[in-house]
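Novice:
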Amino acid sequence: MSHAAVELQPFEVLPATKSRPDEEAVRCGDESLTWRQLEERTRRFARGLVAEGVGANGAWAILAENRFEWAEASLGNGRAGSRYVPLNWHLNATELTELLVDSESTMLLVSPSLEANGRAAAVTAGIDRVLVFGPDYEAWLAAQPDEPLPDGPLGAPLQYTGGTTGRSKGVTRSDQAGTASTMTEVYRRWGQLTGMPEDSNMLLCTPAYHALGGALLRVALVRGNRVDIVDRWDGVSILRTIEERRIAGTAMVPTQFIRLLKLDEGERQQFDVSSLRWVLHTAAPCPVWTKKAMIDWFGPVIVELYGSSEGVGPVIATSLEWLERPGTVGKATVALELSILDDDGNDLPPGEVGTIYVRRFDGVPAYYGDPEKTANMVRADGRFTVGDVGWLDDEGYLFLADRRVDLIISGGTNIYPAEIEAALSQHPDVVDVAVFGIPDPDWGQQIKAVVEPARKVDLDVESLMAFARDRLAPFKVPRSIDVVDSLPREASGKLKKHLLRAPYWAAVDTIPPESGGR
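Residues in the sequence shown are numbered from 54 upward in steps of one, following the numbering used here.
1) Helix, strand or coil: how does DSSP classify Asp75 here?
2) By how many angstroms is the C-alpha of Asp434 removed from the C-alpha of Tyr6?
3) In chain order, what residues of the same chain have a beta carbon less than 7 Å from the beta carbon of Ala264, not counting five sequence neighbours either side?
4) Can you find at least 3 beta carbon pairs, one from the segment 435-454 and one from the segment 253-267, that sit closer than 8 Å?
5) Of all the options Ala346, Arg299, Gly302, Gly398, which has the alpha carbon lying nearest to the alpha carbon of Arg312?
6) Could you name each continuous alpha helix (DSSP H) segment of 4 residues or more that falls completely within the segment 163-206, going from the start of the chain to the end?
7) Can you tell me which of Ile348, Leu333, Asp511 puts its alpha carbon nearest to the alpha carbon of Leu358?
8) Rounded to a whole number of angstroms, what is the C-alpha to C-alpha distance between Pro481 and Arg298?
9) Between the Cα of Leu153 and the Cα atoms of Leu167, Trp113, Asn170, which residue gives the shortest distance?
10) When you compare only the Cα positions, how much space is there between Gly108 and Val283?
11) Count Cβ pairs between the segment 380-387 and the segment 402-409 that sit closer than 8 Å; are there 3 or more?
12) Among residues of its own chain, excluding the 5 on either side of Met255, which ones have a beta-carbon nearer than 6 Å to its beta-carbon?
13) Enumerate in chain order the residues of its own chain whose CB-to-CB distance from Arg522 is below 8 Å, with the five nearest sequence positions on each side excluded.
14) If Thr70 sits next to Arg89, beta carbons under 8 Å apart, how far is it from one beta carbon to the other, in whole angstroms?
15) Once you ignore the five residues that flank Val103 on each side, which residues in its own chain have a CB closer than 8 Å to its CB?
16) Three-state secondary structure (DSSP) at Arg532?
17) Express the C-alpha separation of Asp485 and Lys538 in angstroms, rounding to a whole number.
18) Leaving aside the five residues before and after Asn119 along the sequence, list all residues of the same chain whose C-beta is less than 6 Å from its C-beta, in chain order.
19) Who pairs with Trp331 in a beta bridge, going by DSSP?
20) Regarding Ala173 and the ligand HEM, is the C-beta to nearest heavy atom distance less than 7 Å?
21) Assess, as a yes-or-no matter, whether the segment 154-171 is touched by the segment 180-187 under the definition of 3 or more beta carbon pairs within less than 8 Å.
22) In the structure shown, what three-state DSSP assignment does Pro470 receive?
23) Roughly how many angstroms lie between the CA atoms of Asn467 and Val442, to the nearest whole one?
24) If you measure between the beta carbons of Gly331 and Val354, is that distance less than 8 Å?
25) Taking only three categories from DSSP, how would you classify Met236?
26) Check Asp538 in the structure and name its three-state DSSP category.
27) Could you check how far apart the C-beta atoms of Leu194 and Arg94 are, in whole angstroms? I think they sit under 8 Å.
28) Apart from the five residues on each side of it in sequence, which residues of its chain come closer than 6 Å, Cβ to Cβ, to Gly366?
29) Using alpha carbons as the reference points, say which of Phe437, Asp535, Ser533, Leu553 lies closest to Arg542.
30) Quick one: grab the DSSP three-state call for Gln479.
31) So, are the CB atoms of Pro527 and Arg226 less than 8 Å apart?
32) For Pro210, which option in Gly440, Ser135, Phe186 has the closest C-alpha, if you only look at C-alpha atoms?
33) Looking at C-alpha atoms only, which residue of Ala336, Thr259, Asp287 is the closest neighbour of Asp314?
34) Look up Ser85 in the DSSP assignment and say whether it is helix, strand or coil.
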């Protein structure tokens, strides 16, 4: 790679590029980049987007497993002022096409392993420009000038919601606004709010297409952290990487915590994880037993982030805060205000369960191209919700009950699946669990549980029922439990519960009460 002498403006340089240009910045498998190389490739990538006509406010998409190119692509997008659409590589061509069309993307970057699916979606969406990572992409990148762009709008991800309760929609947020010259400041702010270390070794082991993985990668690099990227989850390999690379920080989801805890004790204890200083978790409720066990194992380095693609957060809980108030997801940061409302829109006092609403001081989010859906989320006073249910204590700490769409109403009683899932997940032979309501002619709904056994054991359903009865009130015990090979989770950890629930409700041609059809 050539390194032309260019007078760089401060905002166009990753801070570590000047202080340690020839040290490793990012590694994935056998491939790595130094800070100097990453900076150059980021400049060239930004120039390439502009040359392709995907400059300020244009949109392009990326379909790839975790690879080192995610770093230059996401940072280069910020400099070019464009919107990049991180695509979930578990989606089929039809689903990908919907996102490409909805986002108005005009270019697709795709990895070789996903090329066939990506090209099929691009053709249907009318996208002619498809770049495949590898020789073609490298030639394209090398052809771009190694020159910084002038200051302009700050590019940001057009992050699509998980689609776990309906059609996925892109989200735009006011906290992503600014100019390219503020990029480092914007990304660093997130790191400061969550307590991410600086100048350390970080590990990306969640999908880069997910909001958590993408944020970790961008923020870690602007804070001068080396980043190891792993392309797939394997508990033993993750622990080995933490030990060998002296990882100081990473982000995980509760499902990954549980899978680590369900490893054989001997496997777990053979690895030194004392280098960890910060482990962020989010994306789903974390059972109390899981959180306590992880703090006991990793130390008080676990930090919880409650949030969403729409900007419901960050709400932050340190390990010490959580140990003082087990079950809390934290307290609102200075960026927002939390409140709990009843079904009539009235504010509820501390301790009362209701719908969680957020007021962001930098403005309200919007669903891209869908003003009606946006209007349904936002109240006249600027507070908005994504449908989560919970309560605040007297000191303003937030506790989650569940998502309203997952609420089970049986005989007029509200039942929260997350509580039942947390109880069943403690069983040593259960590695994953989903609880939801199915139709019942007498009670309206009854509780159904679906579990994934750990290590492919022959799980005894009757013993699991007894286990549940020892830990739950009788009305919370599932009426039936199914055992499956695996639950339909995204790589980000989000459970596609609607896929499990839908067949039961399709049979009665209706939707669960209180789901709002979401």
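Where is the CB? At the ideal position from N, CA and C, for every residue including glycine.
Specialist: On the basis of the coordinates in this document:
1) Here the question's residue 75 lines up with position 22 in the sequence shown. The answer is coil: DSSP assigns Asp75 none of H, G, I, E or B.
2) Nothing about residue 6 can be reported from this structure: the residues present for the chain run from 54 to 571 only.
3) As a first step, residue 264 must be located in the sequence shown, where it is residue number 211. Excluding positions up to five away in sequence, the list reads Gln212, Ser362.
4) no
5) The count along the sequence shown starts at 1 and reaches residue 312 at position 259. Closest option to Arg312, Cα to Cα, is Ala346.
6) 168-178, 188-195
7) Here residue 358 refers to the residue found at position 305 when the sequence shown is read from its first residue. The shortest C-alpha separation from Leu358 is found at Leu333.
8) Mapped onto the sequence shown, residue 481 falls at position 428. Mapped onto the sequence shown, residue 298 falls at position 245. For Pro481 and Arg298, the distance between alpha carbons rounds to 30 Å.
9) Along the sequence shown, one-based indexing puts residue 153 at 100. Nearest C-alpha to Leu153: Trp113.
10) Start at 1 with the first residue of the sequence shown, and residue 108 comes out as number 55. Start at 1 with the first residue of the sequence shown, and residue 283 comes out as number 230. Approximately 30 Å, taken between the alpha carbons.
11) no
12) Reading the sequence shown from its first residue, position 202 is the one you call residue 255. If we look at Met255 and ignore the five residues flanking it on each side, its Cβ neighbours are Ala273, Asn278, Val280, Gly302.
13) Start at 1 with the first residue of the sequence shown, and residue 522 comes out as number 469. So the list reads Val530, once near-sequence residues are dropped.
14) As a position in the sequence shown, residue 70 is number 17, starting the count at 1. As a position in the sequence shown, residue 89 is number 36, starting the count at 1. At roughly 6 Å, the Cβ-Cβ gap stays under 8 Å, so Thr70 and Arg89 are in contact.
15) By 1-based counting over the sequence shown, the position of residue 103 is 50. So the list reads Ala133, Leu202, once near-sequence residues are dropped.
16) Against the sequence shown, residue 532 aligns to sequence position 479. Correct three-state label for Arg532: coil.
17) Counting from one through the sequence shown, the residue named residue 538 turns up at place 485. Counting from one through the sequence shown, the residue named residue 485 turns up at place 432. Checking the displayed sequence, the identity of residue 538 turns out to be Asp instead of Lys. Asp538 and Asp485: Cα-Cα distance of roughly 10 Å.
18) If you number the sequence shown from 1, residue 119 lands on position 66. Contacts found: Ala261, Ile282, Asp284.
19) Start at 1 with the first residue of the sequence shown, and residue 331 comes out as number 278. Answer by DSSP bridge pairing, in chain order: Gly302.
20) In terms of ligand content, the structure shown is empty, and the ligand HEM therefore cannot be addressed.
21) yes
22) Reading the sequence shown from its first residue, position 417 is the one you call residue 470. It is helical.
23) Counting from 1 along the sequence shown, the entry for residue 467 is found at position 414. Counting from 1 along the sequence shown, the entry for residue 442 is found at position 389. So the alpha carbons of these two residues sit roughly 11 Å apart.
24) What you label residue 331 is simply residue 278 of the sequence shown in a count that begins at 1. What you label residue 354 is simply residue 301 of the sequence shown in a count that begins at 1. According to the sequence displayed, residue 331 carries Trp and not Gly. Against a cut-off of 8 Å, the Cβ pair of Val354 and Trp331 comes out as a contact.
25) Against the sequence shown, residue 236 aligns to sequence position 183. Correct three-state label for Met236: helix.
26) To locate residue 538, count along the sequence shown from 1; it is residue 485. Asp538: coil per DSSP, three-state reduction.
27) Translated into positions along the sequence shown, residue 194 becomes position 141. Translated into positions along the sequence shown, residue 94 becomes position 41. About 6 Å separates the two Cβ atoms, so the contact holds.
28) Counted from its first residue, the sequence shown places residue 366 at position 313. Taken in chain order, the residues that qualify are Tyr359, Gly360.
29) In the sequence shown, counting from the first residue as 1, residue 542 sits at position 489. If we check each option's Cα against that of Arg542, Leu553 comes out closest.
30) Locating residue 479 in the sequence shown gives position 426, where the first residue counts as 1. Gln479 falls in the coil class under three-state DSSP.
31) As a working mapping, residue 527 is identified with position 474 in the sequence shown. As a working mapping, residue 226 is identified with position 173 in the sequence shown. Going by C-beta atoms, Pro527 is not nearer than 8 Å to Arg226.
32) Translated into the one-based positions of the sequence shown, residue 210 becomes position 157. It is Ser135 whose Cα lies nearest to the Cα of Pro210.
33) Position 261 of the sequence shown holds residue 314. What sits at residue 314 in the sequence shown is Leu, not Asp. Here the closest residue by C-alpha is Asp287.
34) Numbered from its first residue, the sequence shown carries residue 85 at position 32. Three-state result, Ser85: strand.
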